[in-house]
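Heads up, the sequence shown stops at 532 in our numbering, and the numbers go up one at a time, no gaps.
By construction, the Cβ of each residue, glycine as well, lies at the ideal position given by its N, Cα and C atoms.
Source: prediction; values computed, not measured.
Okay, structure first, notes after.
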Amino acid sequence: AYARSYFDNLRASWSTKATFNAAVLPSVTPPSGFSSPTVSGENIQTIGTQVVLRRVTLQVSGPQNRSYRFATEVVLPP
């Protein structure tokens, strides 16, 4: 649920061409019991010089030092 919420926020933040092109990742606050969140983005596909697809990965440490990694891809909005 935590990762889904973060990715929903990301998609809302990148809902225009301008915000997608700026590629600013929303801040991340882990839920209780989780720590060390990191978010990274990478360009997956371009057409000419225009990035049209990005992958964003969220990593976080959970209870008992288990590591969790979630990823989503976001396409350039119309």
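Item to complete: Kindly indicate which residue of P485, Y456 and R465 has the alpha-carbon position closest to the one of R509.
Response: Counting from 1 along the sequence shown, the entry for residue 509 is found at position 55. Ranking the options by Cα distance to R509, first place goes to R465.
Practice prompt. Give a yes or no on whether the C-beta atoms belonging to S469 and P531 are separated by under 8 Å.
Written response: Taking the first residue of the sequence shown as 1, we reach residue 469 at position 15. Taking the first residue of the sequence shown as 1, we reach residue 531 at position 77. Yes, Cβ-Cβ distance for S469 and P531 is below 8 Å.
Worksheet item: Going by the CB atoms, is the gap between P491 and V514 shorter than 8 Å?
Response: The residue you call residue 514 lines up with position 60 of the sequence shown. The residue you call residue 491 lines up with position 37 of the sequence shown. The answer is yes: Cβ separation under 8 Å.
Fill in: Unbroken beta strand (DSSP E) run spanning R508, endpoints
Stepping through the sequence shown from its first residue, residue 508 is reached at position 54. Unbroken beta strand (DSSP E) run through R508: Q504 to S515.
Worksheet item: Ends of the alpha helix (DSSP H) at R458?
Response: Taking the first residue of the sequence shown as 1, we reach residue 458 at position 4. Counting along the chain, the alpha helix (DSSP H) containing R458 begins and ends at Y456 to S467.
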